[in-house]
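Inspection log for the structure reproduced underneath, given as structure tokens.
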């Protein structure tokens, strides 16, 4: 027969064991949570000093979870922008593997359309099937962002420092042949950007060509090209363009390094009308323009009158 004292001690032992297992399971769950910044580990409690130990542990884990920033919703603007930047990077990587567009000057080089003389629109399926499919994902993300455009009027304050379009924008992606550059072409590789002045509605398209040789030891014949335009707001999201002049920056003359600039005037609307009248052409090409599809402080997406898409990021 088992003494009553032994039975009482046996009951106390199992009660303490059950309490220990219950507390141990809680702290082990918390141990799987990474340590928060500037905080102690939630499993740094060596023993149970009071009845409030488990409550303190739960409160610590709750504060840690509250400090984590949840990921943005999948259909939110931040998520779509991240996806767009990532997809453009993927598209560039695929082009390095499957080939890049080799666009040269004029109609024969694939830069201009043979009928309209407007910038030609590129077809990414000409490079490969997977490059074309990757570009389709970019187009889809652009459409989704356009439907969530946070800027109701991109032309508000046009020509003033309050314009949301002001500043310099670096080109990330385009379907326009005249804005596409590669090392394998006669034009060479280049970085394209666009700058909207604070006053006067002035716009400058900027093309900076890379060095003719690796390491930059030899300067290019043409180092950069600046095309000055004047923009006029029409409606909430359309800007009509008038070409003014181009500035060609020369880097060498034969083998002699130089810093020469050549200003080339662009025919204005009246002169263009006169030229078309002399040539007896019935239809005059419309003034170029672009429609802003998406605009915030970081990202700008627009489509030109020829249907070419431009994705730009604020410099």
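Numbering (my numbering), first residue to last: -5 to 309.
For glycine and all other residues, C-beta sits at the position ideal for the given N, C-alpha and C.
Just so you know, these numbers come straight off a predicted model, no measurement behind them.
Residue i (DSSP reduced to helix, strand or coil)
i: residue 229; result: coil
i: residue 219; result: strand
i: residue 96; result: coil
i: residue 48; result: At residue 48 the pLDDT is 41, less than 50, meaning the model places this residue with poor confidence; the figure from the coordinates comes in the next sentence. DSSP places residue 48 in helix when its eight states are reduced to three.
i: residue 285; result: strand
i: residue 259; result: strand
i: residue 253; result: strand
i: residue 235; result: strand
i: residue 214; result: coil
i: residue 115; result: strand
i: residue 77; result: helix
i: residue 290; result: coil
Beta strand (DSSP E) segment containing residue i, residue limits
i: residue 303; result: 303 to 308
i: residue 196; result: 196 to 203
i: residue 293; result: 293 to 298
Cβ neighbours of residue i in the same chain (closer than 8 Å, five flanking residues each side left out)
i: residue 254; result: 243, 244 and 247
i: residue 161; result: 189, 190, 308 and 309
i: residue 140; result: 287, 288 and 295
For residue j and residue i, the rounded distance between their alpha carbons
i: residue 88; j: residue 177; result: 16 Å
i: residue 198; j: residue 69; result: 34 Å
i: residue 156; j: residue 118; result: 37 Å
i: residue 124; j: residue 283; result: 31 Å
i: residue 78; j: residue 250; result: 44 Å
i: residue 229; j: residue 93; result: 40 Å
i: residue 287; j: residue 127; result: 22 Å
i: residue 301; j: residue 158; result: 23 Å
i: residue 291; j: residue 152; result: 16 Å
i: residue 193; j: residue 219; result: 22 Å
i: residue 129; j: residue 166; result: 13 Å
i: residue 81; j: residue 168; result: 13 Å
i: residue 74; j: residue 175; result: 27 Å
i: residue 293; j: residue 236; result: 24 Å
i: residue 240; j: residue 257; result: 6 Å
i: residue 136; j: residue 252; result: 42 Å
i: residue 120; j: residue 154; result: 42 Å
i: residue 171; j: residue 138; result: 24 Å
i: residue 116; j: residue 196; result: 28 Å
i: residue 95; j: residue 146; result: 35 Å
i: residue 306; j: residue 134; result: 16 Å
i: residue 217; j: residue 84; result: 29 Å
i: residue 163; j: residue 76; result: 18 Å
i: residue 43; j: residue 86; result: The predicted model places residue 43 with a pLDDT of 45, which falls under 50 and marks its position as unreliable, so this point remains unresolved.
Beta-carbon proximity list for residue i, same chain, < 7 Å, skipping 5 on both sides
i: residue 238; result: 222, 223, 224 and 260
i: residue 227; result: 149, 152 and 233
i: residue 131; result: 81
i: residue 16; result: Note that residue 16 has pLDDT 46, beneath the 50 cutoff, so the model's placement of it is unreliable and the number below is only indicative. Within the same chain, residue 16 has no close Cβ partners at all.
i: residue 285; result: 231, 232, 296 and 297
i: residue 90; result: none
Same chain, Cβ closer than 6 Å to residue i, five either side skipped, listed in chain order
i: residue 173; result: 186
i: residue 143; result: 288
i: residue 304; result: 168 and 296
i: residue 281; result: 234
i: residue 122; result: 92
i: residue 201; result: 184, 186 and 219
i: residue 46; result: Unreliable placement is indicated for residue 46, whose pLDDT of 44 sits below 50; the coordinate value is still reported in the next sentence. Excluding positions up to five away in sequence, the list is empty.
Short CB-CB distance (under 8 Å) between residue i and chain B
i: residue 257; result: Absent from the structure: chain B. Only one protein chain is present.
Continuous beta strand (DSSP E) assignments of at least 3 residues falling wholly in the segment 123 to 187: 161 to 168
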